[in-house]
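Below you'll find the structure, written out as structure tokens, and then a few comments.
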Amino acid sequence: MAVREIMDSLGKQTVNNRKLSELVKDIKLVGDKLELIFRLPNKNLENEIREKALSALKDVEGVEDIEISFEMEQPVQSPAFHRTRLPGIKHLIVVGSGKGGVGKSTVATNIALSLSKLGYKVGLLDGDIYGPSIPTMLGLKNQRVEVDKFNRIIPAEAFGMKVMSVGFLLPSEDTPLIWRGPMLMKALTQFLFDVKWGSLDFLILDLPPGTGDVQLTLAQTVEIDGAIVVTTPQDVALSDVKKAVVMFKEVGIPVLGVVENMAYFVCPESGNKYYIFGKGKVLAFAQAYGLKILGSVPIEPEISETSDSGVPIVESSTNSQSAKAFLGIAKIVAEELERR
Ligand SMILES: Nc1ncnc2c1ncn2[C@@H]1O[C@H](COP(=O)(O)OP(=O)(O)O)[C@@H](O)[C@H]1O
Ligand SMILES: [Mg+2]
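Numbering of the sequence shown is given in this note's numbering, commencing with residue 24 and proceeding in unit increments.
Now the structure itself:
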């Protein structure tokens, strides 16, 4: 809880109209020793930030030894490159996480399907070129796609959505794929531009894991309207997701908010809630970065069962907690983007 208190205290001080908590790049509390790294908007602010931080923290209990350091803030790059808008697509949303295995594809698929259920025209693009999982999740394992006479790929369809995945191009399900970096990039760009998406309200792109070149190149090639960041409450996942958030901010992609996946487990016998990976950590993280929590999705065994069987939970079990959470997230995302 101490980190939370530290962030709250820092949030009460401002420098250059920005809350100190928003300038925290990293925070580490070991015992009573606190290490803080601030992003420095400009060199002259170093002393002011240090003084205000120390004064904000002097009454926080359990913190004795404070070490403060700085990293120059990367200015948001004004696009020297030309970003293209995908024709016919109203909102292009990327779903990213930093770390693999946190449920990114599950979240991307269920949000896409929820948006479709809300009446929007939706496309879902599986950006995981090395390990595509969306075909399985949507019951499209043996699906293959063809091109029209203009050499445009005709996407598959599932539950009213247009879907594209590299899995649809493989000769058979077990064929291993060997890609090199540039090919990966080319494939993704091609899936964005050369697939016959038609006119869509939302195209949801499930990004490959990590914060590497693919994400950066993509951000420079195509206009992206927002990013949804997925994390679990574990520290390892959070520390990776921080990097993803910083990267999105640096390339000027607005982060719509955070989805906390595997937030808790409800025991079916007792109905008690258990916060298996810890409680409050994602909230503290979101506050530290000035981000909204779009929703919290519980651990439900049915989620993994339904991914394997090809019918996502928002379709198979509309009354489950997770389905309700996904629908809520989709509503927030739609409202946020339609408002702009
Ligand atoms: N909230 C959840 N409850 C239970 N299982 C989940 C949940 N979210 C994801 N899973 C399962 O965890 C595994 C990894 O999810 P996946 O979406 O493939 O992760 P990623 O795309 O981040 O690698 C899958 O088997 C999925 O069904
Ligand atoms: Mg995935």
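Here a beta-carbon is modelled for each residue, glycine too, at the ideal position from N, C-alpha and C.
Asked, Found
"Near ligand 1: S262 beta-carbon under 7 Å from a heavy atom", "no"
"Among L141, D31, L63, S332, the one whose alpha carbon lies nearest that of L350", "L141"
"Beta carbon proximity, S120 to chain C, threshold 8 Å", "Absent from the structure: chain C. Only one protein chain is present."
"Cβ-heavy atom distance, P321 to ligand 1, below 7 Å", "yes"
"Coil, strand or helix - I72 by DSSP", "helix"
"G221 Cβ short of 7 Å to ligand 1 heavy atom set", "no"
"Nearest-angstrom Cα separation, counted from I177 out to E169", "6 Å"
"Whether A79 touches L148 by CB criterion (8 Å)", "no"
"Beta-bridge partners of E90, as assigned by DSSP", "E58"
"Spatial distance of N67 from N40 (CA atoms)", "15 Å"
"Among D171, Y312, S327, G249, nearest to M285 - alpha-carbon criterion", "S327"
"Burial state of V282 (16 or more Cβ within 10 Å)", "buried"
"N342 Cβ short of 7 Å to ligand 1 heavy atom set", "no"
"Delimiting residues of the alpha helix (DSSP H) encompassing D258", "258-273"
"Limits of the beta strand (DSSP E) - the one that K122 falls within", "Taken as a continuous stretch (DSSP letters only), K122 belongs to no beta strand (DSSP E), as it is neither H nor E."
"E71 versus V38 - alpha carbon distance", "7 Å"
"Under 8 Å between C-beta atoms of F61 and I89", "no"
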